[in-house]
Every structure is written in structure tokens, then in C-alpha cells.
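Sequences listed follow chains A and B, in order. Residue numbering for the first sequence follows this note's numbering, starting at 2 and increasing by one per position. Residue numbering for the second sequence follows this note's numbering, starting at 8 and increasing by one per position.
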Amino acid sequence: MLVAFAAFVAIAYGREPAAGVPTGVVLPTIPSSASRETASVAGAAGSSTPVALSSANGVSRYMAVAEPVAARAQPSVSAPVVGRLSTRTPEGTTNAVLALARVERGGMLWIKARLPVLPNNTVGWIPRASLGGYNSVNTRVVIDTTKLTLTLFRFGKPIFAARVGVGQAQWPTPRGKFYIRNKLTRYSSPMYGPVAFGTSARSAVLTDWPAGGYVGIHGTNQPALIPGRISHGCVRMRNTDILRLADLMQPGTPLTIE
Amino acid sequence: MSNALTLDEVDNGGAILEALDKVGDDSRVGFLKKSAVAAGGIVGGGAILGALATPAHAATANDVAILNFALTLEYLEAEFYTEAERIGALRGRVLAFAKVVGAHERAHVAFLKKALGSAAVKKPTFNFRGTTESEAKFKATAQVLEDTGVKAYKGQAPLIDSDAVLAAALSVHSVEARHAAWIRHINGAPPAPNAFDPAATKQQILQAVAGTKFITAAPVMTAPGRSPRFTG
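Rendered as C-alpha cells:
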């Protein structure tokens, strides 16, 4: 049974059976009629055309980086590398990417993902086999650096809003499309308040900042400065607001900074 | 063409534990510890429903272990079909199959959780490794999952203590057999290949589940006690 399952897994995952699998093991085969159906369905469904995995007003999906991997400009092993991903963030949490689309090319599944790399707003294609399972969120968060607000949406409807502090002119909060990478709690850094969310956004100015200059969304010990342009790029919130946000928002949530 | 992925060849104890060690996930280890409390083993593929009306029916430790393992397998099946349906790779009769069977498996999960109450194991984290994202891979995987569930029940049903649990198991076992026949028909395999189905032991099913690597460690997205080093 074990070898049979190993062989099944190999077939199911599009790989050749491992050496040592007895030739007598019977594997499930797709009948010719089903193969034709699959082929026609694949064409109709556009499996060779990217299929969206996240939507602006519905469910978004994030996936763990299961092994160190290069993200590429196109779904091809020969395409240029646009970013290299490790399995852990600087904070020690699982490194995850926001899954945007999937496509099958040459029998290989690829995931188009938003990446936590510079330049900001980089997306790339990652082999599906290098990623973990799908995890879903139904929220998205928008930060308006002009109005100095943060708004959280669930299924497209606003459920929470608060005033924020953003980066000073020389250390602007980067604009673009990002996602929430992790959540830190129970630390002893009063300037970050009680909760800090890590994001995939990075300061384009403070590139030598410890751990890479990632932008966070966190509390503060100077609430009187909010709202304002007060930070090195991070988004600061009053502690009551960040605690409320922490109850409503999970890592993996798409983030727009405009 | 053969239809068969038999469960008869497993003889290697410990493989599932090795897989779990690699994952190192407390919740996942927990469910197996709970499910292995007694000699009962499992009811595969959604085997408890119908006659099992209240938590009181799952009174013995053996039956709780059986119910929890059944719940784990139901979690796996329900998530497999739900993800396949939502990910958008299925069409036509295969999609119809996934919708109907997925609804059945989700109903089994809901019932088992209610029956077990606070004793219910937590839902594991899954990585179906692309098998929900390709119709051909989905069909092959669905057949294996359903065949495995049917055989698991066949092997473990005699170990159930409670008549109520056994009656419920029988009511769901036939549904799982229908699922297996349905996907076999879709795949062009004989829907009823044998006059007598073989049984599967708990060990065989654990091996099979571990072999898929569908149950994985949950991503760790929070880090209590780690000081932020964001730009501030």
C-alpha cells in the first residue's frame, strides 16, 4: 500500500514514480475519454491562462513559502528571477506570499504572487510545489496617506476605520499593493505599542534599516502625534485602535497604501 | 486498466509518526494522539451520521477515538472538495460531483463536531499540493480518497462499541461507497470492482494519509515576544 500510495502521489503531482516502485503496482489511470474531456475542459477553462486566486471584494489567498525559492518574471524556469524567498521572515514567522493567480505551463503549476521584496509592488511566478496550502482571508485594508486614515474591509464592506500617522516627507510610507505578513504581540518596545503587524512593504529610503526596512502597522507611546506625518515609514495607530484592528484583521490580508 | 489502489500492502509501522515529526505541529500530533487512545482505530471517509443523534452515544473512549479519527478524515475530504470547487479548475460533471460530495463531507464534519463537542479534534491544516488545481489530478485523488474511506470503515466498523455509532457508521459507509462508485464511473473505472471489498486497518489508513502529505503544519503568522524591527 505504501508503495502504491507513493506511486499515486508521484502521478498525482505530475512526477515520475520514484525508483524502487515495483512495476506490478497498479496505478489509477485516466481513461482516454476522460483525457479528451480534460483537454477540452482545460482549453475552455483556460488552464494555460492565469486564473485569479484573490479578488478585491471577496476572498484572498496566501501561501507559505515551503522551501527557499526564486520567483520569476514569467511562469518558466528560464524566466528572469525577480526575487528570492526564504521560508522565514526576519521576525521568525512563516514567510508567506499573497497568491494572485495560478497557471499550468508544460505540466507544471505556477502561482503568481505578490512578493515582499524591493522594488515595492513586485509580483512574480513561483512553482506551486515550493509553496504550502491555500489559506484564505476575507478582509483587505486600505491606508490613505493623504487623509491619514486606515480602513478595514470585510467582503468589500468597511468594518473599521481609524486615523493614523504615516512617514515623514524624507521617509515616506511606500504606496502600492502589499499584504500583512505577520503579527507581533507581547514584546517590550513601547514605541510600537501593544501590537505590531508586519507588512510586505519596504522603505525605499531606509534600505539599511535592521531586518530590511520593512514597514509595520503598530501602536505607539506618543498618541498625541496621531494623525500626522510622524514616522520613518511605518503606520502608527493609537493603541486602542491597533488592539481593535488586531481583533479584526489576520495576517495574509491584502494591503493597499495610497 | 485497473481501478485498484489496494490498502493491502502496508506493513511498515511508524511512517505516519515520522511524517508527523517532520511537520512538528502540535495540533496535528494531538489529533492522532486522541484518535489512537484506544484500540478502536477509525471509521473512514465520513462514517458517523444519522442514528448518532447526541454526544452521549460517543461515550466510550474507544468510540470517541473512532469518531475523532473519522472527523479528521472528514476534515480532509471536506477541505479537498471545497478547495477544488472554489479554486475553479473543475467543469461539468466533475464539478457537479465535487459540489455534491463536498456538501456531504461538510455535513459529516458538522455532525461529528456536534457529536464530539469539546472532545472534537481541531481541523488540521492541509496542502493538497496541486491536486485540487488540475481536473485530472483531482479525479485520480478523489478516487483514492473515496476508496480509502470505504475500506477504512470496512476494517474498523467491527471495533465500534456503541450500536448507535455502528448504525450511524453504516448509514454513512454506504454514502461513501456511492461517492467511490461515482468518481470511478467518471474516471472510467469499474464502479463495483469486487463482490467483497477488502478491509483496511487503522495502521494502513494512517500510512495512506501520511503518504499523501496532505496534512501539514499550519503557517506560523504570529510571533508573541518577538520585538518589532520595522521602520517605526
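Glycine included, every Cβ here is placed at the ideal spot set by N, Cα and C.
{"Check": "Could you have a look at W210 of chain A and say whether DSSP puts it in helix, strand or coil?", "Outcome": "coil"}
{"Check": "How big is the Cα-Cα spacing for I127 of chain A and C235 of chain A?", "Outcome": "28 Å"}
{"Check": "Would you say T186 of chain A reaches chain B, if we count a Cβ-Cβ gap shorter than 7 Å as a contact?", "Outcome": "yes"}
{"Check": "Identify the continuous alpha helix (DSSP H) that holds A187 of chain B and give its terminal residues.", "Outcome": "170–194"}
{"Check": "What three-state label does DSSP hand L110 of chain A in the structure shown?", "Outcome": "strand"}
{"Check": "So, do the region 217–233 of chain A and the region 88–105 of chain A have three or more beta carbon pairs nearer to each other than 8 Å?", "Outcome": "no"}
{"Check": "Verify whether the separation of the beta carbon atoms of K161 of chain B and A206 of chain B is less than 7 Å.", "Outcome": "yes"}
{"Check": "Buried or exposed: where does D209 of chain A fall if 16 or more other Cβ atoms within 10 Å of its Cβ makes it buried?", "Outcome": "exposed"}
{"Check": "How many angstroms separate the CA atom of M228 of chain B from the CA atom of Q211 of chain B?", "Outcome": "34 Å"}
{"Check": "Write down the C-beta distance between P1 of chain A and L99 of chain A rounded to the nearest angstrom, noting that I regard them as a contact closer than 8 Å.", "Outcome": "No statement about residue 1 of chain A is possible, as the shown extent of chain A runs from 2 to 259 and does not include it."}
{"Check": "Roughly how many whole angstroms lie between the Cα atoms of T140 of chain A and M64 of chain A?", "Outcome": "16 Å"}
{"Check": "Can we say the region 108–119 of chain A touches the region 51–64 of chain A, given the rule of at least three CB pairs closer than 8 Å?", "Outcome": "yes"}
{"Check": "DSSP state of D204 of chain B, grouped into three classes?", "Outcome": "coil"}
{"Check": "Is it the case that the Cβ atoms of A170 of chain A and L151 of chain A are separated by a distance below 7 Å?", "Outcome": "no"}
{"Check": "Please compile the residues from chain B whose C-beta is within a distance smaller than 8 Å of the C-beta of S190 of chain A.", "Outcome": "S234, P235"}
{"Check": "What do you get for I144 of chain A, buried or exposed, if any count of 16 or more other CB atoms within 10 angstroms of its CB means buried?", "Outcome": "buried"}
{"Check": "Which residues in the same chain have their Cβ closer than 7 Å to the Cβ of T88 of chain B, if we skip the five residues on either side of it in sequence?", "Outcome": "Reading off the sequence shown, one finds Tyr at residue 88 of chain B, where the question assumed Thr. The residues are A105, V108, G109, E112."}
{"Check": "Hey, how far is the Cα of G218 of chain B from the Cα of A103 of chain B?", "Outcome": "28 Å"}
{"Check": "Nearest by alpha-carbon distance to F156 of chain A: which of A:V165, A:V138, A:R89 is it?", "Outcome": "A:V138"}
{"Check": "Which value, in whole angstroms, describes the spacing of the CA atoms of T123 of chain A and A205 of chain A?", "Outcome": "13 Å"}
{"Check": "Assign A40 of chain A to buried or exposed, taking buried as 16 or more other Cβ atoms, counted over all protein chains shown, within 10 Å of its Cβ.", "Outcome": "Caution applies to A40 of chain A, whose pLDDT of 29 falls short of 50 and renders its modelled position unreliable; the value that the coordinates give is listed next. So A40 of chain A ends up on the exposed side."}
{"Check": "Whole angstroms are fine: how far does the CA of T139 of chain B sit from the CA of R93 of chain B?", "Outcome": "9 Å"}
{"Check": "Measuring CB to CB, does K184 of chain A end up less than 7 Å from F161 of chain A?", "Outcome": "no"}
{"Check": "Roughly how many angstroms lie between the CA atoms of E142 of chain B and T148 of chain B, to the nearest whole one?", "Outcome": "10 Å"}
{"Check": "Are T257 of chain A and K148 of chain A touching if we call contact CB-CB under 7 Å?", "Outcome": "no"}
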